[in-house]
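Just so we're aligned, residue 5 is where the sequence shown starts under my numbering, counting upward by one.
Think of the CB as a built atom: it goes at the ideal place given N, C-alpha and C, for glycine as much as any other residue.
Keep in mind the model is a prediction, meaning the values are calculated, not measured.
For reference, the structure discussed in these notes is given below.
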Amino acid sequence: MAMTKRLTIPRPDDWHLHLRDGAMMEGVLPWSARHFARAIVMPNLVPPVVTADQAAAYRDRILAALPEGVVFEPLMTLYLTETTDPEDVSAAHTSGLVKSVKLYPAGATTNSASGVANFDTVRPILERMAEIGLPLCVHGEVTRTEIDIFDREAVFIDEVLDPIRRATPGLRVVMEHITTAEAAAYASNGGDDLGATITVQHLMLDRNDMLVGGIRPHYYCLPILKRKSHREALVRAATSGDQRFFLGTDSAPHATDTKENACGCAGCFTAPVALSCLAEVFEGADALDRLAAFTSVNGPKFYGLPVNQDTITLEKGAAISRPAEIETGAGPVTVFDPGRPLYWRVTA
Ligand code: DOR
Ligand code: ZN
């Protein structure tokens, strides 16, 4: 049987990306802009991007940091707090500046201290968002100390997400970086107002990869890697072609020394190798013909944006060389290595 060696697809977008700010942003931005046309940019800076003015200023800083001649469109998000002003959110949406609002349960992950502790306080904003059609991107993990870290996503769906969706009909929701069979099943049973992003690392790795034979801090991210059967459910969802599932790399740079640390930061820096990794995953599932749906078509459809006109080409050949680390003005950042050779390169 002839093996597909070459694949041309509409240029992908990244529907969940951490670019950070300052020297770190300047260092990592070119790696996303090389392959992706657009990205939903996460607002968990310190301090977070809460208001429309802050989002506009952050967008300007990103555009100013782009290398000469590189085209890349940052799609901005607002960080939802208990004191967020619905009028400000609404105006940011009307002007086209902001494409979604991000819900972090307080304390769930990196820089989430200003997130939402009492979900009733944000009800008026969620209702306004449902009216105007502005999507809510959700970090779906409960934070109660008694809930085991491996159960936090599944519990969140039952205790928080489903009640919010029932109480706010019409609210468009993206379940971000889903990691469990439960989340995949919930998303695939949702209507057109529900989407779910999946990361590269959750499609390639399970918790054994992170913990057996030594602890691998560069595989530590949140939500944490789960057992193999969950990874398999995610691969089925991503490769199904179902329009509810699309790519959000959650590429999350941290300086190497802050991950190789007694208390290491959560996040995998996948941007440089994301598409090589995904081609591998889709080829393994005999679904290369559905890669474009996941990387390039389903996301724009959910956000009501056009599919990119230009294309990229992936080619399979000898194992690719990739940097182990990239240098940034904020220190070196280790590039995600799935622990196996990668054979697909982006050629154009
Ligand atoms: O692993 C993660 N890293 N998960 C998140 O939710 C946040 C992210 C970060 O900002 O580093
Ligand atoms: Zn994230």
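Taking Cβ to Cβ, would you say residue i is nearer than 8 Å to residue j?
i: L140; j: V102; result: no
i: G77; j: G333; result: Here residue 77 is Glu; the residue named in the question, Gly, does not match the sequence. Contact: no.
i: T12; j: T338; result: no
i: E331; j: T260; result: no
i: F340; j: T262; result: no
i: T243; j: P16; result: no
i: V378; j: R132; result: As shown, the chain starts at 5 and ends at 352. That puts residue 378 outside it, with no answer to give.
i: E180; j: T201; result: yes
i: T184; j: D254; result: no
i: V32; j: R24; result: yes
i: V159; j: I168; result: no
i: R42; j: L79; result: yes
For residue i, verify whether its CB is less than 7 Å away from any heavy atom of the ligand ZN.
i: D18; result: no
i: H181; result: yes
Compare the C-alpha of residue i against each of the options and name the closest.
i: V216; options: R156, T203, A189, R231; result: R231
i: P342; options: Y83, V350, T183, R326; result: R326
i: A256; options: R156, V164, C225; result: C225
Report the three-state DSSP secondary structure of residue i (helix, strand or coil).
i: D197; result: coil
i: I129; result: helix
i: F249; result: strand
i: K9; result: coil
i: G203; result: According to the sequence displayed, residue 203 carries Thr and not Gly. Note: T203 maps to coil in three-state DSSP.
i: P342; result: coil
i: V142; result: strand
i: P167; result: helix
i: H20; result: strand
i: A60; result: helix
i: R294; result: helix
i: S104; result: strand
i: R42; result: strand
Examine the ligand DOR and report whether any of its heavy atoms sits within less than 7 Å of the Cβ of residue i.
i: N270; result: One detail in the question is off: residue 270 reads as Ala in this sequence, not Asn. Yes; taking the cut-off as 7 Å, the Cβ of A270 has a heavy atom of the ligand DOR nearer than that.
i: A95; result: no
i: T338; result: no
Examine the Cβ distances between the segment 44–63 and the segment 294–301 and report whether three or more of them are shorter than 8 Å.
Put simply, the segment 44–63 does not touch the segment 294–301. Fewer than three CB pairs are less than 8 Å apart.
Inter-stretch contact at 8 Å, needing at least 3 Cβ pairs: the segment 232–252 / the segment 205–212:
Verdict: yes, contact present.
Below 8 Å, how does it come out for the segment 84–91 and the segment 117–133: are there three or more Cβ pairs, yes or no?
A contact exists between the segment 84–91 and the segment 117–133.
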